[in-house]
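Worksheet: one structure, shown below.
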Amino acid sequence: MKKPDYLVLNKPQKYPWNIASGYWGNYLIENELDDFQKQRRDEWLKNIFRLSRTKLNEFISNNFRNSEDKTLIKNLLKEHGIFVETFFIKSIKDRIISECGKHDFAVSEFQNILSEAWGYDVKVRDKFDMVYRISYHIYEQEVLISLCDSQIFHDLLNWYENYKEYVLCKLCRSNFRIIDLPEWVYLGSNGCKECCFCCKVLMSPNKKELYELIPLFISKCGFIPDSKASPVNISFTSRIQKGKLIDVFRAYANMGGIKHVKSKFGSWFKALVITKTLPNGVLITPRGIRCIASDGHVCHSIEEQYIDNWLTNHKIKHEREPFYPKHFIYNPSGKRRADWIINGKYIEYFGLSGDKIYDRKVEEKLLLLAENKIDYIAIYPANLSGLSTVFKDFL
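For the sequence shown, our numbering puts the final residue at 612, and the numbers step up evenly by one.
Pasting the structure below:
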């Protein structure tokens, strides 16, 4: 029997080197920093303050900042502490894209404002780069305000004090510190604080054993994951209740992970077919997977089939795959489609969030929607358990 492999990481990391933004000195607190890192942090905060007095901040505040941003970062700091950056930017990005599209701000105009604020020529590649820079500026300004708020800063220090201590990994029983987790691991796991992710638990079961282990894994998930599911894929982990993550990770490890299953069956979907774990209406054809909803609509994933069936079960009339209007950049051929349309409102399911190529396509669609002033609903994997809330206006 092959020895177990590592779940995700083959060795632990150490705070503050695990924080990607630490390369730029962007640390929220001084704790555990050396003198050089403290100096870099001071320079970063002084620069944020300087930027707060520029036309750049005036432009962004007038057009993109939201009164709810302070509450958002306050809540995220309380939950995610030093890892707040990516969660905050991820939470506001769709809104920033929408505002960019609605007002049709020129990239060249923004580039001039940005360059003036920074004191040198800054190249803004396109609207996607513009969206990120605006989102990050808002993040920095909200950080500065939060660090000056005694209650919010106190909550941040409390988070640090709680998670700087060594705790027992619930999967492998090793000691680890949550603050030492790599930023991408913490984000991908949707903020899991129970696992060190260095667990040497990834098994290599044979094909016969997988006939039991695959259905068990799906049972623990409570849904059928796609072929990119892993303990550090937020599209997957965001669908799992926090209290069930360790049970799911254990079942994933016992199964050997998706990659191991693919090596035994040829593909994840073939494994699902052979082990009889696919839902009704999912067919394997010579051209690939076809998911047929209960109303006959052809869907491109099990998640889309689930949404379509939910709409049918709740007697919400819906049209499948309507065309988007033409756009000279984002839909020049006119062949781009939405997933559904309901009473004139376009519906999109963005199921592979976290994949860079896919995320770019999502951003293109959001800009297309905004620039054409199209009313829409965006659904993400984390929303699938709450479709009654998503579609409340149609019930």
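Backbone N, C-alpha and C define an ideal beta-carbon position, used for all residues, glycine too.
First through last residue of the beta strand (DSSP E) which encompasses residue i
i    : result
Y244 : It is not in any beta strand (DSSP E) - Y244 carries neither H nor E in the DSSP assignment.
W557 : W557 to I559
Euclidean distance between Cα positions of residue i and residue j
i    : j    : result
S480 : T492 : 15 Å
W261 : V324 : 25 Å
G498 : C508 : 6 Å
K437 : K387 : 16 Å
T606 : L612 : 10 Å
D186 : S363 : Because the chain is modelled from 218 through 612, residue 186 falls outside the range shown and cannot be assessed.
E382 : P233 : 14 Å
F393 : N379 : 13 Å
S415 : N450 : The residue you asked about is not Ser; residue 415 is Cys in the sequence shown. C-alpha separation (whole angstroms): 16 Å.
W401 : V360 : 20 Å
Residue span of the alpha helix (DSSP H) that contains residue i, given as start and end
i    : result
K417 : Counting along the chain, K417 falls outside any alpha helix (DSSP H), though it belongs to the beta strand (DSSP E) covering K417 to L419.
Y547 : Here Y547 belongs to no alpha helix (DSSP H), and DSSP marks it neither H nor E.
R258 : D252 to L268
T271 : Run containing T271: none; DSSP gives neither H nor E here.
K291 : D286 to H297
N375 : S367 to Y380
N471 : L462 to M472
F327 : V324 to W335
Neighbour-count burial assignment, residue i, 16 or more Cβ in a 10 Å radius
i    : result
D525 : buried
W376 : buried
Q256 : exposed
G483 : exposed
Q522 : buried
S452 : buried
DSSP three-state assignment for residue i, whether helix, strand or coil
i    : result
H477 : helix
A595 : strand
C438 : helix
F353 : Looking at the sequence itself, residue 353 is Tyr, so the reference to Phe does not match. Three-state DSSP puts Y353 in a helix.
C516 : strand
C317 : helix
E565 : strand
L385 : strand
R554 : strand
I509 : strand
R537 : strand
V225 : coil
V360 : helix
C-beta neighbour in chain B for residue i, strict 9 Å
i    : result
K562 : Structure shown: chain B not included; a single protein chain is present.
- Three or more beta-carbon pairs under 8 Å between the region 419-437 and the region 469-483, yes or no? Proximity of the region 419-437 to the region 469-483 meets the contact definition, three or more beta-carbon pairs being nearer than 8 Å.
- Evaluate contact between the region 584-598 and the region 562-576, counting only Cβ atoms and requiring at least three cross-stretch pairs below 8 Å. Flag = yes, the region 584-598 and the region 562-576 touch.
- Taking one C-beta from the region 271-278 and one from the region 404-423 each time, how about it: are there three or more such pairs within less than 8 Å? Contact check between the region 271-278 and the region 404-423: fewer than three CB pairs, one atom from each, fall below 8 Å, which does not count as touching.
- Query: Is the region 233-242 in contact with the region 319-338, if contact means three or more CB pairs nearer than 8 Å?
  - Reply: Contact between the region 233-242 and the region 319-338 is absent, because fewer than three Cβ pairs lie under 8 Å.
- At least 3 beta-carbon pairs within less than 8 Å: the region 334-353 vs the region 306-317: Result yes; three or more Cβ-Cβ pairs closer than 8 Å.
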